[in-house]
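Before any comments, here is the structure.
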Amino acid sequence: MQKELWKGNEAIAEAAIRAGCRAYFGYPITPQNEIPEYMSKRMPESGGVFVQAESELAAINMVYGAAAAGARAMTSSSSPGISLMQEGISYLVGSDLPAVIVNMMRGGPGLGTIQPGQADYYQATRSPGHGDGHMPVLAPSGIQEAVDLMWDAFEMADKYLTPVMVVADGMIGQMMEPIVWNRTEPLPEADKPWAANGRDGEGQTHFVSSLRLQSSENEQFVHTLKEKYEEITKNEVRYEAVGCKNADILIAAFGTTARIASTAIRKLEKEGIRAGLFRPITLWPFPYEALKELALQESVKAVLTVEMSLGQMHEDVRLSVLDKKPTPFYGRTGGMVPEPKDIAEKVREVIKEAGK
Amino acid sequence: MPPRERRLVVILGAFGTGKTEFAINLALKLSMQGRRTALADLDLVNPYFRSREKENLLKDKGIALIAPKGALRDADLPSIPSSLKQLLFDMDMTGVLDIGGDRTGARVLGQFAGEIAAQNPAVWYVYNHSRFDNRTAEAAITSLRQIESQSGLSVNGLVNNTHLLRETTLDTVKNGAKGAKALSDFIKLPLICHCVSREIAGSNPGVSPMFVMDLHMNRPWEEA
Chain A
1 MQKELWKGNE AIAEAAIRAG CRAYFGYPIT PQNEIPEYMS KRMPESGGVF VQAESELAAI
61 NMVYGAAAAG ARAMTSSSSP GISLMQEGIS YLVGSDLPAV IVNMMRGGPG LGTIQPGQAD
121 YYQATRSPGH GDGHMPVLAP SGIQEAVDLM WDAFEMADKY LTPVMVVADG MIGQMMEPIV
181 WNRTEPLPEA DKPWAANGRD GEGQTHFVSS LRLQSSENEQ FVHTLKEKYE EITKNEVRYE
241 AVGCKNADIL IAAFGTTARI ASTAIRKLEK EGIRAGLFRP ITLWPFPYEA LKELALQESV
301 KAVLTVEMSL GQMHEDVRLS VLDKKPTPFY GRTGGMVPEP KDIAEKVREV IKEAGK
Chain B
1001 MPPRERRLVV ILGAFGTGKT EFAINLALKL SMQGRRTALA DLDLVNPYFR SREKENLLKD
1061 KGIALIAPKG ALRDADLPSI PSSLKQLLFD MDMTGVLDIG GDRTGARVLG QFAGEIAAQN
1121 PAVWYVYNHS RFDNRTAEAA ITSLRQIESQ SGLSVNGLVN NTHLLRETTL DTVKNGAKGA
1181 KALSDFIKLP LICHCVSREI AGSNPGVSPM FVMDLHMNRP WEEA
């Protein structure tokens, strides 16, 4: 198959359409503007709906409405815009509605910068909005993977009736990369007997809501969420482990940072240091068990976490490894991107420290 | 290369065609030929991968960089550096104008189109056959015409810069040359050159005229 050169944001938008998404609502924000722009052109051509909402809050509520009516819907934004959407995401969780949200992260907090960041990890993985919720969080490290994961995101959303977030740092949205279309067929229409899409006078009206005034009923609902999350945790954990077997040190990193770490690993290899890359693809559910098993190998002296933040995934790495091995951290934040040489230097330092 | 009487070279094209890589290489070459050279980074739409990131390289080679400064450097605000005006009046300066991608990027030129057009500029459209929407000459022309109409300038040359980044092979270059030739015949615009990385140029891709480029716009995991 001939490779095509795509810009990340445009490829993600095209992949969503090819996967069968027919409703997009969004509001512009750098570095993901090419997603709504591309959608505004292609969605109508594909028989779908594009609305530029008046705000991110409106966009996520339009997603809620479309999902409640049974449409395969999505939105996209970048960090500050995703903050605005938190309420609506929590409502999606509270109403068991499928939807996909793309977060092309930039440096925060606040308006921060338009340069890449990964500091929305806690926001994405701990709880979407308020309440006892979770959502699957997929983190591609390149455009090919981002494109392939769009199918998986919509599939998971339909299967588990949940919002799914695809998180990438702005670099992945802005860069170009050659890709192939591994999947071309749209996902089959999911059976949605609960959808509020008109009953033609037959039976009781469908009603989609997250309001359950009776606390005991609400508690019961949260327990059904728990069962759902256990199911997702059992089935959907994804990660990539490269060169981790018998490694001297493991580097845990996701997204663009994982690719930068790979360059550092190749440098270190030439010096005789065997560094393995552990790259979570699902940030939630986090691959705790897989990382723990690799970290406990006798050869592994430490597990270094590298992020474009002050250390957020670091907490999950520490929960995997507990206190069995040292778990140092290296990161740049606020829109700054770590360089391979700095990661390599940190690894040398950690190895030296461990040798004492 | 643009003859001396054409002192302004405007570089237009779609996202990711490699306009910035070409602009930097062209500015370096013109400067090496002894021409006083300025590179104007007028990319107001892309937040990343802009020629201003190569400020130090350009400075080392004595090339003036015209780009938003200070806090505006990392922004994507529609601010045009005042030094652009200087370039338009400095008749001894050769100027390479690196314009943002797509029709949205080209819009910035509109307000200067009259002044630029009056100076008989080279207006080159960078073409990358590997881009998903350049597979047919018809689709490529739509993109070219949109960019042209937004910029207010008429394209007078095509630069073939077909690549797949680090995955570029001899075949990528050869296929690209065919696509560029088809486009050039179709819209009757001269093909100025075929851009080829130094590595591929070494294996003789058989395209002519060839513009050999060193790759400066690396992604964070790619080291020069």
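Residue numbers (the numbering used here), protein chains in the order written: chain A, 1 to 356; chain B, 1001 to 1224. Note that the Cβ used here is the ideal one computed from N, Cα and C, for glycine as well.
- Scanning the segment 1117-1190 of chain B from its first residue to its last, the whole beta strand (DSSP E) runs of 3-plus residues come out as 1122-1127 and 1157-1160.
- In the three-state DSSP reduction, glycine 1013 of chain B falls in the strand class (E or B).
- Using beta-carbon distances, aspartate 1041 of chain B does not count as an interface residue toward chain A, since no partner is under 8 Å.
- Chain A places no beta carbon closer than 8 Å to that of asparagine 1161 of chain B, leaving this residue out of the contacts.
- Along the segment 1096-1110 of chain B, going in chain order, the ones with a CB nearer than 8 Å to a CB of chain A are Thr1104.
- Going by DSSP, isoleucine 1099 of chain B is part of the beta strand (DSSP E) stretching over 1094-1099.
- The continuous alpha helix (DSSP H) containing glutamate 293 of chain A extends over residues 288-295.
- For the set A:Glu269, A:Leu225, A:Glu230 and A:Arg106, the Cα lying nearest the Cα of glutamate 307 of chain A is the one of A:Arg106.
- A residue is called buried when at least 16 other Cβ atoms come within 10 angstroms of its Cβ; valine 180 of chain A does not meet this threshold and is exposed.
- Between the alpha carbons of tyrosine 64 of chain A and alanine 99 of chain A lies a distance of about 8 Å.
- Contact of threonine 184 of chain A with chain B by beta-carbon distance below 8 Å is absent, the smallest such distance being about 14 Å.
- Serine 1143 of chain B sits away from glutamate 4 of chain A, with the two beta carbons spaced by 8 Å or more.
- The closest CA to that of methionine 1210 of chain B, considering only B:Glu1223, B:Met1217, B:Ile1200 and B:His1216, is found on B:Ile1200.
- Between tryptophan 6 of chain A and methionine 176 of chain A a beta carbon distance of about 7 Å is seen, short of the 8 Å cut, so the two are scored as contacting.
- In summary, glutamine 220 of chain A is exposed, with fewer than 16 beta-carbon neighbours lying within 10 Å of its beta-carbon over all protein chains present.
- For the pair proline 31 of chain A and serine 141 of chain A, the Cα-to-Cα distance works out to about 16 Å.
- With a beta-carbon spacing of about 7 Å, leucine 84 of chain A and serine 55 of chain A fall inside the 8 Å limit used to define contacts.
- With respect to threonine 1094 of chain B, arginine 1050 of chain B sits apart: the two C-beta atoms are not nearer than 8 Å.
- Contact between the segment 197-211 of chain A and the segment 1182-1202 of chain B is absent, with fewer than three C-beta pairs closer than 8 Å.
- The CB of methionine 74 of chain A never comes closer than 9 Å to any CB in chain B; the least such distance is about 20 Å.
- Rounded to the nearest angstrom, the Cβ distance from leucine 1097 of chain B to leucine 1008 of chain B is 7 Å, consistent with a contact under 8 Å.
- Contact of tryptophan 6 of chain A with chain B by beta-carbon distance below 7 Å involves Phe1132.
- At a cut-off of 8 Å, the C-beta of tyrosine 1125 of chain B has no neighbouring C-beta in chain A.
- Taking 8 Å as the cut-off, the beta carbon of serine 1079 of chain B is found closer than this to the beta carbon of leucine 1072 of chain B.
- In this structure, glycine 255 of chain A lies away from alanine 124 of chain A, with their beta-carbon atoms at least 8 Å apart.
- The three-state secondary structure of glutamine 52 of chain A, taken from DSSP, is strand.
- The beta-carbon of glutamate 177 of chain A is placed less than 8 Å from the nearest beta-carbon of chain B.
- In terms of Cα proximity to asparagine 1204 of chain B, the closest of B:Lys1174, B:Lys1054, B:Ala1106 and B:Ile1187 is B:Lys1174.
- Interface annotation, valine 147 of chain A: not in contact with chain B, CB-CB separation never under 8 Å.
- In the DSSP annotation of this structure, serine 77 of chain A is not part of any alpha helix (DSSP H); the continuous beta strand (DSSP E) holding it starts and ends at 73-77.
- Bounds of any beta strand (DSSP E) do not take in leucine 319 of chain A; it lies within the alpha helix (DSSP H) bounded by 313-321.
- Cα atoms of threonine 233 of chain A and arginine 279 of chain A: separation of roughly 17 Å, rounded to the nearest angstrom.
- Listed in chain order, the non-local C-beta contacts of glutamate 1021 of chain B below 7 Å within the same chain comprise Met1213, Leu1215, His1216 and Met1217, local neighbours out to five positions each way being set aside.
- Between lysine 325 of chain A and chain B, the shortest Cβ-Cβ separation is not below 8 Å.
- Exposure of glycine 1110 of chain B is indicated by the presence of fewer than 16 other C-beta atoms within 10 angstroms of its C-beta.
- Using a Cβ distance threshold of 8 Å, glycine 129 of chain A and isoleucine 89 of chain A count as a contacting pair.
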